[in-house]
Amino acid sequence: MAKTKQEAVNHIEQLTRARLPLWRTYENIAHSYPDIDRQWKQLQSLAKQCFRENEVNGQIILASRFSIERSLRLIRSQSGDPAMTYSSKGQPNAQAPSLRAVKV
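First residue of the sequence shown: 126, per my numbering; consecutive thereafter.
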C-alpha cells in the first residue's frame with residue numbers, strides 16, 4: 126500500500142514538473158499579448174452560456190414532445206383506433222402518416 130501511494134505521489138510530482146513550463150509559456154503569451162487572454166476568457170464565458178442555453182432548449186423540447194405524445198394518445202384513444210390520426214383538413218386518416226410513407 127505504501128509503495129502504491131509513493132508511486133502516486135511521484136506521478137503527481139512528475140505531472141507538476143511537466144505542467145510548470147506550460148504555465149510559464151501561457152504567462153509569457155498572456156503578458157506579451159494581453160488581448161489573447163481577454164478573448165480566451167470571453168470565449169470560455171460564451172461556451173458556458175451556450176451550454177446553459179442548450180440545456181434550457183433541451184428541456185423545452187422534451188416538454189413539448191411529452192405534450193404532443195399525450196395529445197396524440199388522447200386523440201387516438203377517443204377514436205377507438207390507436208393508429209388513427211387526422212389530416213391537415215381535419216379528416217380522419219385510417220393509417221398513421223409514418224405507415225403511409227413506407228413503400229414495400
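The beta carbon of each residue, even a glycine, is placed where N, CA and C say it ideally should be.
Straight across, the Cα-Cα distance linking Asn179 with Arg198 is about 28 Å. In the structure shown, the three-state DSSP call for Tyr158 is coil. For Ala127 and Leu145, the gap between their C-alpha atoms comes out near 27 Å.
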